Amino acid sequence: MEASARRYAGFFTHLKETDLDRLGEVFTPDARFKDPFNDVSGLDGIEMVFRHMFRNCPEPRFYIHAWAVKDNTAYFHWRFTDREDNGVSGMRLDVDGMSRVLFNDSGLVISHVDYWDAAEYLYEQIPVLSAAIRFVKRRITA
């Protein structure tokens, strides 16, 4: 599965909107994709998530820092960035996260689950929410 993980990392590192027509070369037809905001199954659902990303993030970039493979599972440590004025929030997106990706015997993705802190990277950037989050953090911090 090392080769499958390498191919998948390359797919995300070079991802362009035009690549979305090739999702079937990477994912199984009933694959699951989950992140803090989405939980979809099937190629149409996965395509919808990425089209939404490209609409809201004109210059998205994924940087894969490292990965580890055990049997049919790969874990990726990554960073996602977009330009500062992304047209949606006016803030620069810079997110650090991990993904757990399961491959079938043919090397296609059957499940991709992202783990990243939406509060730290997004909610705390919104003035109204950031004050409330800071208050809660102060109350629960040892």
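Residue numbering for the sequence shown is 1 to 142, as defined by the UniProt record's numbering. The beta carbon of each residue, even a glycine, is placed where N, CA and C say it ideally should be. Every value quoted in this text rests on a predicted model; they were computed, and no experiment measured them.
Return helix, strand or coil for residue i, following the three-state DSSP convention.
i	result
residue 93	coil
residue 54	helix
residue 61	strand
residue 83	coil
residue 98	strand
residue 37	coil
residue 19	helix
residue 106	coil
residue 49	helix
residue 117	coil
residue 44	helix
Using the beta-carbon count (16 or more within 10 Å), is residue i buried or exposed?
i	result
residue 114	buried
residue 44	exposed
residue 74	buried
residue 65	exposed
residue 112	buried
In whole angstroms, what is the alpha-carbon distance linking residue i and residue j?
i	j	result
residue 145	residue 79	Nothing in the structure corresponds to residue 145, since the chain is present only between 1 and 142.
residue 60	residue 50	10 Å
residue 11	residue 117	23 Å
residue 13	residue 139	39 Å
residue 68	residue 27	19 Å
residue 6	residue 35	21 Å
residue 82	residue 58	7 Å
residue 71	residue 107	11 Å
residue 95	residue 105	31 Å
residue 24	residue 97	24 Å
residue 99	residue 18	23 Å
residue 38	residue 46	9 Å
residue 16	residue 110	21 Å
residue 52	residue 22	17 Å
residue 29	residue 101	15 Å
Would you please state the rounded distance, in angstroms, between the beta carbons of residue i and residue j? I believe it to be under 8 Å.
i	j	result
residue 32	residue 41	5 Å
residue 9	residue 76	7 Å
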